[in-house]
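S.K.: Structure below; questions to follow.
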Amino acid sequence: MASSSRRNSYLPNFLFLLLCMMFNLVASASDENPYVWLDCPTDSNFTLNSTYQSNLNSVLSMLPSSASPTGFTIAMHGDAPDQVFSRALCRGDLSPSKCQSCLATAAQGITSRCPVGKKAIIFYDKCSLRYSNSNYTTPEEKLWNLILYNVGTISDAQAFEKLYNDLIGSLAAKAANSSRKFAMSQADFTSDITMYGLAQCMRDLSVEECHTCLNQSMGYFQSCCNKNQGGVVLRYECYMRMEIYPYFDSNSEDVLSPPPLSIMSPPRPQSVPDSGIAPSPTEITGSKDKKKILPLVIVPSICGFIILMVALFCILRRRSMRQATCTSTNNEENSNQLFKLETLRIATNYFSPSNKLGEGGFGSVYKVWKEWCNRRALQVIDQRLHDSYRVYEALKCLTIALLCVQNDPSKRPNMASVSLMLSSNSMNTPTPSTPAFFIQDTRTTETEAENYDRQSRRGIGTRPNQISVNNVTITVMSPR
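Taking mature numbering (1 follows the signal peptide of the UniProt record, and there is no 0), I'd label the letters of the sequence shown as residues -29 to -1, 1 to 451.
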């Protein structure tokens, strides 16, 4: 009983721990600067502990502090052929301190996720960091894009797309002509739905290059996700995002007033060079046109974690129950779940040898032969059941039980006789003799037991009257 209580007390503690761990997991997933994606081409790698790695570590250590004042920086370190070029960009609504913190996390993340790549780019929610062994963007890198979209859809897709074209098109033009290459704004779709848009380019791009990159991103998203509630397009040289919930700092000085929707929208997005078709939103195009399926990370991770915790809890609980079962026979408090130890001591006169019938595999066995002989057989029955049985039936069951444990095996009834005695109301049951392994008490004799048995049979109301409904003699079958 005590062991079971202790096991049950573990459950609230375990659930509390599980809840805390789930909260931490969800909190990490919804952190201010969650990791988004990494592109780490494997066609060019460097050797560990090489000059290139030393130059890379140096340039990555300088980026956060040098980029934080303005939100953008270009840095290089070393000499050819081991020279490293890098670019760091923070989202335009970030403060210098948050920008530095984001880039510091990105610098650690890119080296741990791409440990030997000579070039890579990593995206976090509010910043991106890129390094390479060359100071220009290849055609493959210009075409690379990643689309992440909101799975929720809009019923009036046509009106939503028109507002999207007006808002994002205006932001693309604003960002391209801005010195910071950044713009963000919002527009009401309905009284309950507001569209929030953001556009940004690398600041070393020209106005035309920035506008082209953002227009292509706009076309990529429209070609796949014009009915979706939002999404983000990640590219090497620009960044575009649209959602129906606020995700940027509206107090930033760069927040624009909603664009007038009546003015002519900018030119439609240009088609994608060479390929002619925008990549699928669930795929990315690398430097060699390789396609990788976009994993759904957060939800499966949380579900897998919950399943793992539940499975671990079940295993630990089963193990604790097995251990408790193995040790319960050695525990005095758990040796009997029906009676307390003190109750057993009083009932057996502190385990007196006069009450001992014998010994079994689990120790001494004590019965109530003395109660039977002293005409107190009904004392054996739980007093809480006194209104739920007939006295005669109870005495009959006790008599049959004692007949089955008699010292002389030849006097013990077989199963057929036991079945007949239990089912018959007219058959006289024999008087039981001394049980096996009974240590004879001179004060208790079989004669006393026989006298009690006869008197109990003559007791008033202890045995039902036998009535024949058709005056035919009652016949009791005896087993062979």
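Ideal Cβ positions, reconstructed from N, Cα and C, are used throughout, including at glycine.
Are the Cβ atoms of Gln171 and Ala154 separated by less than 9 Å?
M.R.: The count along the sequence shown starts at 1 and reaches residue 171 at position 200. The count along the sequence shown starts at 1 and reaches residue 154 at position 183. A contact, by the Cβ cut-off of 9 Å.
S.K.: If the criterion is Cβ atoms closer than 9 Å, does the pair Leu393 and Cys375 meet it?
M.R.: The residue given as residue 393 occupies position 422 in the sequence shown. The residue given as residue 375 occupies position 404 in the sequence shown. No, they are not a contact pair.
S.K.: On the premise that Ile118 lies in contact with Val204, defined as a C-beta separation below 8 Å, what is that separation, rounded to the nearest angstrom?
M.R.: Translated into the one-based positions of the sequence shown, residue 204 becomes position 233. Translated into the one-based positions of the sequence shown, residue 118 becomes position 147. About 5 Å; that satisfies the 8 Å criterion.
S.K.: Does the pairing of the segment 207 to 214 with the segment 161 to 178 give three or more beta-carbon distances under 8 Å?
M.R.: These segments touch.
S.K.: For Ser103, which residues of its own chain have a beta-carbon under 6 Å away from its beta-carbon, when the five flanking residues on both sides are left out?
M.R.: Against the sequence shown, residue 103 aligns to sequence position 132. So the list reads Phe56 and Lys90, once near-sequence residues are dropped.
S.K.: Start and end of the beta strand (DSSP E) containing Gly80?
M.R.: The residue labelled residue 80 in the question sits at position 109 within the sequence shown. Element bounds for Gly80: not the beta strand (DSSP E) but the alpha helix (DSSP H), Pro67 to Arg84.
S.K.: Is it a yes or a no for the segment 64 to 71 touching the segment 129 to 139, going by three-plus beta-carbon pairs under 8 Å?
M.R.: Contact between the segment 64 to 71 and the segment 129 to 139 is absent, because fewer than three Cβ pairs lie under 8 Å.
S.K.: Less than 9 Å between the C-beta atoms of Pro86 and Leu19, yes or no?
M.R.: The residue labelled residue 86 in the question sits at position 115 within the sequence shown. The residue labelled residue 19 in the question sits at position 48 within the sequence shown. Against a cut-off of 9 Å, the Cβ pair of Leu19 and Pro86 comes out as a contact.
S.K.: Closer than 8 Å by C-beta to Leu74: which residues in its own chain qualify, once you throw out the five before and the five after it? Chain order, please.
M.R.: On the sequence shown, position 103 is the one that residue 74 refers to. Same-chain partners within the cutoff: Leu34, Pro35, Ala38, Ser39, Ala59, Cys61, Cys98 and Leu100.
S.K.: Grab the span of the beta strand (DSSP E) containing Asp175 for me, first residue to last.
M.R.: Walking along the sequence shown from the start, residue 175 turns up at place 204. Segment: none, Asp175 is in no beta strand (DSSP E) and carries neither H nor E.
S.K.: Quick one: grab the DSSP three-state call for Phe56.
M.R.: For the purposes of this step, residue 56 is taken as residue 85 along the sequence shown, with counting starting at 1. If DSSP states are grouped into helix, strand and coil, Phe56 belongs with the strands.
S.K.: On the three-state DSSP scale, how would you describe Asp137?
M.R.: Residue 137 sits at position 166 when you count from the first residue of the sequence shown. Helix at Asp137.
S.K.: With DSSP collapsed to three states, give me the class of Trp340.
M.R.: On the sequence shown, position 369 is the one that residue 340 refers to. DSSP places Trp340 in helix when its eight states are reduced to three.
S.K.: For Leu366 and Ser381, I'd like the C-alpha separation in whole angstroms.
M.R.: Walking along the sequence shown from the start, residue 366 turns up at place 395. Walking along the sequence shown from the start, residue 381 turns up at place 410. Going by the C-alpha atoms only, they are around 22 Å apart.
S.K.: Quick one: what does DSSP say Gln187 is sitting in, helix, strand or coil?
M.R.: As a working mapping, residue 187 is identified with position 216 in the sequence shown. It is helical.
S.K.: Near Ser29, which residues of its chain fall below 7 Å by C-beta distance, leaving aside the five closest residues on each side in sequence?
M.R.: Translated into positions along the sequence shown, residue 29 becomes position 58. These residues qualify, in order along the chain: His48.
S.K.: If you drop the 5 nearest sequence neighbours on each side, which residues of the same chain put their C-beta closer than 6 Å to that of Ala147?
M.R.: One-based indexing of the sequence shown puts residue 147 at position 176. The residues are Val178, Cys181 and His182.
S.K.: Give a yes or no on whether the C-beta atoms belonging to Thr161 and Gly88 are separated by under 9 Å.
M.R.: For the purposes of this step, residue 161 is taken as residue 190 along the sequence shown, with counting starting at 1. For the purposes of this step, residue 88 is taken as residue 117 along the sequence shown, with counting starting at 1. It is not a contact, given that the beta carbons lie outside the stated cut-off.
S.K.: With a 10 Å radius around its C-beta and 16 neighbouring C-beta atoms as the bar for buried, classify Phe43 as buried or exposed.
M.R.: In the sequence shown, residue 43 corresponds to position 72, counting from 1. The residue in question, Phe43, is buried, as its Cβ has 16 or more Cβ neighbours within 10 Å.
S.K.: Let me check understanding here. Comparing Cα to Cα, which of Lys152, Trp115, Asn4 and Trp8 lies closest to Gln187?
M.R.: Residue 187 sits at position 216 when you count from the first residue of the sequence shown. Comparing Cα positions, the closest option is Trp115.
S.K.: For Tyr167, count neighbouring Cβ atoms within 10 angstroms of its own Cβ and tell me buried if that reaches 16, exposed if not.
M.R.: Mapped onto the sequence shown, residue 167 falls at position 196. Flag for Tyr167 reads buried.
S.K.: If you draw a straight line from the C-alpha of Ala387 to the C-alpha of Leu356, how long is it?
M.R.: Here residue 387 corresponds to residue number 416 of the sequence shown, with the count starting at 1. Here residue 356 corresponds to residue number 385 of the sequence shown, with the count starting at 1. Each residue's alpha carbon lies about 28 Å from the other.
S.K.: Taking C-beta to C-beta, are Asn4 and Thr76 nearer than 9 Å?
M.R.: Indexing the sequence shown from 1 puts residue 4 at position 33. Indexing the sequence shown from 1 puts residue 76 at position 105. Yes, Cβ-Cβ distance for Asn4 and Thr76 is below 9 Å.
S.K.: Span of the beta strand (DSSP E) holding residue 452?
M.R.: Because the chain is modelled from -29 through 451, residue 452 falls outside the range shown and cannot be assessed.
S.K.: Tell me where the alpha helix (DSSP H) around Met392 begins and ends.
M.R.: Along the sequence shown, one-based indexing puts residue 392 at 421. Counting along the chain, the alpha helix (DSSP H) containing Met392 begins and ends at Met386 to Ser394.
S.K.: When the Cα atoms are used, what is the spatial distance from Tyr107 to Asp163?
M.R.: Counting from 1 along the sequence shown, the entry for residue 107 is found at position 136. Counting from 1 along the sequence shown, the entry for residue 163 is found at position 192. In a straight line, the C-alpha of Tyr107 is about 45 Å away from that of Asp163.
S.K.: From Ser194 to Gln79, what does the alpha carbon distance come to, in whole angstroms?
M.R.: Counted from its first residue, the sequence shown places residue 194 at position 223. Counted from its first residue, the sequence shown places residue 79 at position 108. So the alpha carbons of these two residues sit roughly 35 Å apart.
S.K.: What are the boundary residues of the alpha helix (DSSP H) that Ser156 is part of?
M.R.: Reading the sequence shown from its first residue, position 185 is the one you call residue 156. Segment Phe153 to Asp159 is the beta strand (DSSP E) holding Ser156; no alpha helix (DSSP H) there.
S.K.: For Ser246, name the three-state secondary structure that DSSP assigns.
M.R.: Translated into positions along the sequence shown, residue 246 becomes position 275. Because Ser246 sits at a pLDDT of 36, beneath the cut-off of 50, its placement in the model cannot be relied upon, and the following sentence gives the value as read from the coordinates. Coil, per DSSP.
S.K.: Please report the Cβ distance between Asp53 and Asn26, rounded to the nearest whole angstrom; I am assuming they are in contact, meaning their Cβ atoms lie under 8 Å.
M.R.: Within the sequence shown, the letter at position 82 stands for residue 53. Within the sequence shown, the letter at position 55 stands for residue 26. Sure, about 6 Å apart at Cβ, within 8 Å.
S.K.: Per DSSP, what kind of secondary structure is residue 498 in: helix, strand or coil?
M.R.: Residue numbering for the chain in the displayed model covers -29 to 451; residue 498 lies beyond these limits and cannot be assessed.
S.K.: Report the residue from Met189, Glu112, Asp353 and Glu214 whose alpha carbon sits nearest the alpha carbon of Val122.
M.R.: Position 151 of the sequence shown, counted from the first residue, corresponds to residue 122. It is Glu214.
S.K.: Are the CB atoms of Tyr120 and Gly190 nearer to each other than 9 Å?
M.R.: Locating residue 120 in the sequence shown gives position 149, where the first residue counts as 1. Locating residue 190 in the sequence shown gives position 219, where the first residue counts as 1. No; because the gap between Cβ atoms is not below 9 Å, this pair is not in contact.
S.K.: Quick one: what does DSSP say Ile278 is sitting in, helix, strand or coil?
M.R.: Here residue 278 refers to the residue found at position 307 of the sequence shown. Three-state result, Ile278: helix.
S.K.: Give the DSSP bridge partners of Tyr6, in chain order.
M.R.: Stepping through the sequence shown from its first residue, residue 6 is reached at position 35. Beta-bridge pairing links Tyr6 to Tyr95.
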